[in-house]
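Numbering (my numbering), first residue to last: 470 to 845.
In structure tokens, the structure reads:
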């Protein structure tokens, strides 16, 4: 019986989503495998100062994301990279104790920045355990954000751009593995057996209207409210499903606002919103890797709202959407006309079908082989 540890942090929801998606795929394909999904702050329990810095960084970042004010992201990343490069060996040894009592057969990271510390700590405790990094952005926009040739790690790269960047920074080719597609919850591959018209009617929506789903991640965002306002101004016949995440104030505001269009407003969902993806015709949200992938796997066009404050990590995601043709990247004020364009596009479904993949299962297979010491 093998054990795999998967590490994430709660900055937005994409890293957590990727971690639990990989866990589920591993258990589907290998029912006997033991998987621990670990939050970074829990691994740092023995080093209270590092734990406090990590928790504070995540909280500040999520505060900015909810309000579309994460202008400080580049500076925040630079600060954490500086702190990490000055962590003394005694602190690394202390973090290593996390793995000494329960050593894994493979460790998988879906978080950036912190891998220098985590890889060193792991290999103090378990020198031969493979450390595997899976970048969950479409490209690296800041040096050593994902790729770091100084550390003893393997990389599973879900896009050609990531794979090329990985090689260019000096990662050995036998440690750089190219696959197609980001990891998402395997449930997105299961199409529910429903009568869409009946379900829309039961939800209080109009089955003769196109349905759009508006969501900006598990933390919620003020952008949901801005989309609601713009849709109200257009007076186009449309159903809207709003995902407000953990943003309780946003949920109350959207629920209490009178709109000419039928709507469903949902707060945080403990399970992925796959059911509502299948009810929708268009997905409206941030250009995050998970949102893009969920849209592709459920065969829905995406309208990604351009983000200025998160440009550091989403700029290349936006470029990928434009290049692939699976949707559009727009500003909020363009929303009504963009919905019309996407609904009448003759080619968009062909583009989506071309980009469909089984990335999470490919990742699971690779991790399983590495945990068993098999050659790649």
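Cβ atoms here follow ideal geometry from the backbone N, Cα and C, with glycine treated the same way. Owing to the predicted nature of the structure, the values given are computational and were not obtained by experimental measurement.
Span of the alpha helix (DSSP H), counted from its first residue to its last, around residue i
i           : result
residue 746 : 743-748
residue 719 : 717-725
residue 828 : 828-840
residue 570 : Run containing residue 570: none; DSSP gives neither H nor E here.
residue 511 : 509-512
residue 811 : 804-812
residue 760 : 758-766
residue 738 : That residue, residue 738, is in no alpha helix (DSSP H); it is neither H nor E in DSSP.
residue 594 : 584-594
residue 601 : No alpha helix (DSSP H) holds residue 601; the beta strand (DSSP E) holding it covers 600-602.
residue 632 : 629-637
residue 823 : 817-824
residue 665 : 665-671
Cβ separation of residue i and residue j, assumed to be a contact under 8 Å, to the nearest whole Å
i           : j           : result
residue 622 : residue 594 : About 15 Å separates the two Cβ atoms, so there is no contact after all.
residue 669 : residue 626 : Actually they do not touch by this definition, with Cβ atoms about 39 Å apart.
residue 731 : residue 664 : Not really, about 18 Å apart at Cβ, beyond 8 Å.
residue 790 : residue 798 : 5 Å
residue 795 : residue 821 : 5 Å
residue 723 : residue 753 : Residue 723 to residue 753, Cβ: 14 Å. No contact.
residue 527 : residue 478 : 6 Å
residue 737 : residue 714 : 5 Å
Option in the options with minimal Cα separation from residue i
i           : options            : result
residue 824 : 517, 503, 629      : 629
residue 680 : 654, 829, 771      : 771
residue 581 : 597, 589, 599, 609 : 609
residue 831 : 488, 667, 495      : 495
residue 497 : 815, 761, 631, 658 : 658
residue 817 : 686, 591, 829, 765 : 765
residue 729 : 612, 699, 633      : 699
residue 656 : 471, 489, 839      : 489
residue 809 : 727, 518, 705      : 705
residue 512 : 588, 501, 633      : 588
residue 760 : 487, 478, 471, 479 : 487
residue 596 : 618, 568, 583      : 568
residue 767 : 471, 654, 736, 693 : 654
residue 563 : 811, 590, 570, 618 : 590
residue 800 : 701, 739, 555, 695 : 695
residue 525 : 639, 500, 480      : 480
residue 804 : 693, 792, 819      : 693
Test item: CB-CB of residue i and residue j under 8 Å
i           : j           : result
residue 576 : residue 476 : yes
residue 746 : residue 734 : no
residue 711 : residue 691 : no
residue 572 : residue 598 : yes
residue 600 : residue 546 : no
residue 755 : residue 842 : no
residue 579 : residue 603 : yes
residue 777 : residue 751 : no
residue 688 : residue 814 : no
residue 744 : residue 661 : yes
residue 586 : residue 553 : yes
residue 649 : residue 484 : no
residue 514 : residue 504 : no
residue 607 : residue 785 : yes
residue 574 : residue 840 : yes
Residue i, enclosing beta strand (DSSP E) - first and last residue
i           : result
residue 796 : 796-799
residue 707 : Here residue 707 belongs to no beta strand (DSSP E), and DSSP marks it neither H nor E.
residue 490 : Per DSSP, residue 490 belongs to no beta strand (DSSP E); it is in the alpha helix (DSSP H), 483-498.
residue 732 : 732-735
residue 773 : 770-774
residue 846 : No answer is possible for residue 846: it lies beyond the span of the chain, which begins at 470 and ends at 845.
residue 680 : 680-684
residue 472 : 472-477
residue 577 : 575-578
residue 646 : 645-647
residue 752 : 751-754
Residue i versus residue j: straight-line alpha-carbon distance, rounded
i           : j           : result
residue 716 : residue 642 : 43 Å
residue 802 : residue 697 : 11 Å
residue 749 : residue 620 : 43 Å
residue 636 : residue 646 : 10 Å
residue 762 : residue 742 : 13 Å
residue 473 : residue 543 : 32 Å
residue 509 : residue 523 : 8 Å
residue 550 : residue 672 : 47 Å
residue 787 : residue 570 : 43 Å
residue 678 : residue 612 : 46 Å
residue 702 : residue 548 : 42 Å
residue 638 : residue 838 : 25 Å
8 Å Cβ cutoff, residue i in contact with chain B
i           : result
residue 709 : This model lacks chain B altogether, as it is built from one protein chain only.
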